[in-house]
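Residue numbers (full-length UniProt numbering), protein chains in the order written: chain Y, 1 to 99; chain Z, 1 to 287; chain S, 1 to 560; chain U, 1 to 627.
Backbone N, C-alpha and C define an ideal beta-carbon position, used for all residues, glycine too.
Being a predicted model, the structure only gives us computed values, none of them experimental.
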Amino acid sequence: MNPVYYLYLAALLFTIGGAGVLIRRNAIVVFMCIELMLNACNLAFVTFSRMHGNLDGQIIAFFTMVVAAAEVVVGLAIIVSIFRTRHTASVDDASLMKL
Amino acid sequence: MTVLAAAASTGEAVQFWLLGIVAVAGALCTIMLRRAVHSALSLAGTMIVLAIFYLANGAYFLGIVQIVVYTGAIMMLFLFVVMLVGVTAADSLKETLKGQRWLAAGLGIGFGVLLIAGIGNASLKQFNGLGDANAGGNVQGLAALIFTKYVFAFEITGALLITAAVGAMVLTHRERTERAKSQREQSIARIKEGKHIPPLPAPGVYARHNAVDIPGLLPDGTPSELTVNPTLRGRGQIRDVSRESLAELKALERRSEKWLGRESADEPEPPPSGGPAPKEHTEGAKK
Amino acid sequence: MSFPLLTATAALPAIGAVATAAVPAAKRSAAKWLALAFSLATFALALVIAFRFVPGAKGPYQLTESHAWIRDFGVRYDLGVDGIAVALIALTTLLIPFVILAGWHDADPLEDTAASDGGSAAGNPRWRPTQGFFALILAVEAMVVLSFEATDVFLFYIFFEAMLIPMYFLIGGFGDGAHAGGEDQAATQRSYAAVKFLLYNLAGGLIMLAAVIGLYAATADQLGTGTFSLQQIVEARAAGKLDLGTGTERLLFLGFFFAFAVKAPLWPLHTWLPNAMGEATAPVAVLITAVVDKVGTFAMLRFCLQLFPGASRWATPVILVLALISIVYGALLAVGQRDIKRLIAYASISHFGFIILGIFAMTTQGQGGATLYMVNHGISTAALMLAAGFLISRRGSRLIADYGGVQKVAPVLAGTFLVGGLATLSLPGMAPFVSEFLVLVGTFSRYPVIGIIATLGIVLAALYVLVLYQRTMTGPVREEVRTMPDLRIRELVVVAPLIALLLFLGVYPKPLTDIVNPAVHHTLSVVDKKDPKPAVQVNAVPGGGRHGHAAPDQDVEAAK
Amino acid sequence: MENLIALLVAAPLVGAALLLCGGSRLDRAGHWIGSLFAVASFAIGAALFADMLGKSPEHRALHQHLYSWIPVGGFRADVAFQLDQLSMTFVLLITGVGSLIHIYSIGYMAHDDRRRRFFGYLNLFLAAMLLLVLADNYLLLYVGWEGVGLASYLLIGFWQHKPSAATAAKKAFLVNRVGDMGLSIAIMLMFTTFGTFAFGPVLASTGATSQGRLTAIGLLLLLAACGKSAQVPLQSWLGDAMEGPTPVSALIHAATMVTAGVYLITRSGAVFNAAPDAQAAVVAVGAVTLLFGAIVGCAKDDIKKALAGSTMSQIGYMIMAAGLGPIGYAFAIMHLVTHGFFKAGLFLGAGSVMHGMNDEVDMRRYGGLRRYMPVTFVTFGLGYLAIIGFPGLSGFFSKDKIIEAAFAKGGTEGWILGGAALLGAAITAFYMTRVMLMTFFGEKRWDPEEVHPHESPKVMTIPMIVLALGSVFAGALFSVNENFVRWLEPVTSFAHGHSPLSATAVTSATMVVLIIGVGIAWAMYGRRPVPATAPRGSLLTRAARRDLLQDDFNHVVLVRGGEHLTRTLVYLDHSVVDGAVNGTAATMGGLSGRLRQLQSGFVRSYAVQMLGGAAVLVAATLLMRGV
């Protein structure tokens, strides 16, 4: 079998994650979906590195992980503080940007 | 190390198809399940599968990191926050924004199709595996790259992590601006507020049951929500025993009357198991 | 290099603007005198330019200055004047002191105005930025002068646009308290007018910007290095090095022309002018129509024709028709107006029609006439508008119907008003007659029919001016005007010189024509148009007395 | 000697400047200053005349080139004067009559607090008129042409507090502007045809261009003449112009300005000679107007309006004569001069009558005034005899010649014109007799309590006397061995017309119609008493009272139509031209309102948009790579 299937899988996961971001209202779940998308990307990177026979792809995936970690930390902190003030974690309730 | 030649072995193929299905299922569960906890768990599953795929792709280091950092740390962090926040009843999957779901589905599918089509018509035939790249060991290879070619990016991510940590602290930390209220002040406040001047009633404790998750019954036998812990209430984990106790009461009276020999034929047949109708509830609330 | 005269002329009012704005709010009159002093000094510099300028000299531009400005885009700080520019700079710098004098009290806090100007503003005391008013006027002057001097298209564009900002504030910020519906309604009206002015001109300017960039691209494409320099482009074209395709040239021409037509304003892009002139104070209205709008017509002459001769020739018929419509239409609407200032505004539209007609008639007479027309129209409109302003400030109303019999109580005011009006209807002996007749002759000699229709304009002009004069000045004296004071010294000082100038230029316009003619010839040579030859070549210098003897016997022969 | 010409114009101009800018400190001396400058320019004119008489007829024309006025390319307009016999005639008439009327006005305007300004305007008029007749090119003539228009505007509207006066002034100026349009287009046409518009070259080279162009020029000049000389169809302003003070009517609307049209046509004789069609038009206009004016004159009860009608018709005579070509020019001018005398005299007489009757103008309120104001009666009477062409008086000679020339035109045309001229003469006799009888004869129809008719002061009567003398002797003086004709010949050229009727026949015919006219008038107004209120009268009478409905026509067609046109345009400008712009603005606003709905503030809807964008990008890249 051709490793390109990994890419198809990555694409599929990415799409699912995206759909999740659009559908779910719970901020935490939305976050998880984003993580899912990131992971999909990582999978793609890893596959690419295998494809090209050098480790740069893995390096990128590595960095992605680091950044994701940082992002999750900050993001969850934000969610917590929002929850403290508004007693809900629904992204729709945080729609103060509209006029 | 020649395992990872261009074309993957059959074993890998089998592994791919089995675990791939698992991964997709996990992803779908992540976005479908109503309770955040379940989503988190299924996502963790997907991630583990992905870790295995990394390994299969010769990214040994990443695979381990994936399991340790992602599944181990990040997902646990998620669960932690879920416990902290999302223990309330699961959010309904009913869509509030008009047409959002259809748009999401349409765009999602369209996007996926586009991606897959893109991958499809990209000519990715020849795979020169990681054989020689991993020759000196995968970790060594990565390390060599990170500390030479990508050293700046590495440093910057370090800075990023520190910043993130500090930021999280700043965001979540709450300075206590005023002294905690003493019991006296609280009571004064309660009286000012004017409801629940006495302390909250105790949960129902009876001969047969004895637990904090059972609401105490009002004189008319209706359960009082106030008597149970709000968290249990929020989770809806309350055991309502009003029916049984009422039924027993009735039976007791019957028997005693029979025993006293004064029966009244016009005694209405009590409902054998009549859950307190909502109206009685309200009455109970009134009393 | 020699003393940068042109830069100085533009810089002086700019400095003046800053200085005036810097005067502390308490010292209002000091600011006024300062502004006046600066404007007069600028006028002096303009006179120096006029004298240093040598009409016959070769080369289209004189007193040139040239410095690199934005090297990457070949934008240069190129200044230079031809006769037309000299005349217009002189006009501008001449008018500004009068504008300042006439607007002496226009920006005072309203209660002062009420006290000093006989109740021109009703009631509530309201602070107004007096310093700002005069500073803005000087700023406009600086930009106008610079845009007359700029020979670099981009430089010109910048000031052409920047002009709008101070004008916007002048229109929107200061009104004559002569609005029917009280000060609040007046304020809304004013802001509407100001915004309209801004939007119209910005729209034109943006289209022009596109054209400017397009021009740069074209030159960069063909000359290797892109340039905005008018002279370079004209020379390159003359040398055949630069040849915009017909289509491109026409598009660019339209881009430029649109902006100038809005500014000028040409029918049907004119509707901003009546609002702006109606709502603004009389001096600002003069600033709009006599100074700022001239930049538009001037730019047609300098940029449209010289940069795109072919396209200009191509567009001429349409433009002539539009100009013709403006002439008749503006005059007819002027007849229909009830508001003095709007009437004058529509009259100006009609006159701008004449100017554009003259420019695109592509004859020496037409363009010379058009240039004179710019100057004369500036002076005459200033005289009429300022007199009208004095009238309005006395009665506190802009409606013609509110006046009557003023001539009896304020004869001098009425007299100046009448003279201004007669100049507007271009009575022979007044300066505008010379220019109008030249424009008509120039047009007629190439397009007889258009010339004849345009001549209708002079009848209509007589109609609206005389109707205005009759309704306001003659007839039985109305109660409201019975106590109206006659012109004060300050006001007389404003109007009298203008009238004197009108008469002088009407009787002896030669100084002006001498300056203008070479520039016109140069323009025409760029467009390569020749005056049509008369059907009969009279082999003699016309006008000389020598023919008197020849005439009679010729008659006798003709009679026999 | 040439240099005096400029002085001729300058003198009254300086006077005007002095009086108009001098301010109230000149109020007391104003009238004397004005008169002084007028007389001064008359003196200069006389000196030039004497000098001119000293030269041989061919070399009498003087030229003075002051400076080059408008030099633009091939367009060369100079300020240059030309004083030939024709101009000289006018100069003497203008300055002479002008001076007299200045003096007269001293008395007539004595009680007007704005007398200084009045004299200023009069001087301004003199300057403009002299410029008109002295200019050596059409453009400068145009300046004078409009200048006199301005002066007449100011003087007609002199009593501005009367709305009627203001309106009349405006009307006069506007109608004149229409004529001026003709003149200016004519000048442009000359420029495009000859490359110049100086009299010399243009008139010298008429042979070199096409008939059509000359006809066009001629017709345009005729239009100008119609405007200035109140000829049909532009005559409507003259009647209203009588709103002005009477001296103004005498000077401007009788003696000088209104005859400018005749001057223009005579001056441009060469053009008309070369364009027979234009000439025909001129003749037609003249003939129509002389009848029109006469008819109007018959119906008016306002003495000045009656005289105005007569002016119209007399100028009709001149225009007709000028249209006859070389056989007519001289007589046109001759009649012009004599008419200047007697019509001015008549107006001054009328003014004197009004002066004595508290500015009453209705002749039906006059009557039997001859014994209250004898001098006025005599001078007015002499003027009357002159205008009806009583043998021996100046009108007789000049009008008789014109009628002859009309017949001499030849063919049916000649007969028609001659007939018209004769008929005109008859009607003239009629209405002038009517005026005479209603004013000075019959029983008094005024109330002795309120009006006390009295003779005017010397300062007014002396000019009247002088003019009366002029109107008596001028004609005879001019026509003894054709003095006047030969005097003008070098300029206008002269050809003897060959009349189908002998001179005596024409004269006797004139006499006959004259007697008929007088007889009818005497029968109607002399024998029977005149009703103090006008009878309803026949249809023609009523029409004639209203200037033969010409004003009504103008009102309905021009005024009403114009008002509607402007009103519609104002509306359109606001709703359509402006509305289009505002409409665009409104649509923009609405559009942005719509777009605002997209910004719901829900993160997830933004996310959807982002995903859409991403999809589009991917699709785009794929397509790019695909292509």
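Spatial neighbours of residue i in its chain, beta-carbon cut-off 7 Å, leaving aside the 5 residues before and after
i	result
residue 668(U)	Outside the modelled stretch of chain U, which goes from 1 to 627, sits residue 668(U), for which no answer is possible.
A207(Z)	Here A207(Z) scores only 47 on pLDDT, less than 50, and its place in the model should not be relied on; the value that follows carries that caveat. None.
A202(Z)	G216 and T227
E480(S)	R395 and D402
Outcome for residue i when other beta-carbon atoms lying within 10 angstroms are tallied against a minimum of 16
i	result
residue 579(S)	Lying before the first or after the last residue shown, residue 579(S) is absent from chain S, which here runs from 1 to 560.
M257(U)	buried
G194(Z)	exposed
A73(Z)	exposed
E178(Z)	exposed
F45(Y)	buried
D552(U)	exposed
C21(U)	exposed
E185(Z)	exposed
H339(U)	buried
H196(Z)	exposed
R239(Z)	exposed
E248(Z)	exposed
Span separating the alpha-carbon of residue i from that of residue j
i	j	result
G562(U)	G353(S)	21 Å
L164(S)	K294(S)	14 Å
T289(U)	N123(U)	30 Å
V273(S)	M167(S)	The amino acid occupying residue 273(S) in the given sequence is Leu; Val does not appear at that position. L273(S) and M167(S): Cα-Cα distance of roughly 12 Å.
A107(S)	G296(S)	28 Å
G173(S)	R471(S)	30 Å
T439(U)	M363(U)	6 Å
S187(Z)	L103(Z)	53 Å
L254(S)	L322(S)	14 Å
L94(S)	A10(U)	30 Å
D339(S)	G418(U)	55 Å
L99(Y)	T88(Y)	Summary for L99(Y): the model assigns pLDDT 48, below 50, so the residue's position carries little reliability, and this model does not support an answer.
L414(U)	F407(U)	Here the sequence assigns Gly to residue 414(U), which means Leu is not the residue at that position. For G414(U) and F407(U), the distance between alpha carbons rounds to 5 Å.
G207(U)	S493(U)	16 Å
F38(S)	E141(S)	11 Å
Same chain, Cβ closer than 8 Å to residue i, five either side skipped, listed in chain order
i	result
L291(U)	S313, G316, A420, L423, G424 and I427
R490(S)	L101 and W104
8 Å contact criterion, which residue i and residue j should meet: CB distance rounded
i	j	result
G53(Y)	N128(Z)	4 Å
H335(U)	S398(U)	4 Å
A383(S)	G420(S)	4 Å
F441(U)	G351(U)	Rounded, the Cβ-Cβ distance is 20 Å, inconsistent with contact.
L38(Y)	A68(Y)	5 Å
Closest by C-alpha distance to residue i, when choosing among the options
i	options	result
P97(S)	V286(S), Y61(S) and G336(S)	V286(S)
E449(U)	G218(U), M357(U), F430(U) and M432(U)	M357(U)
A165(U)	T474(S), W267(S) and P518(S)	T474(S)
A311(S)	P24(S), V527(S), V81(S) and G16(S)	V527(S)
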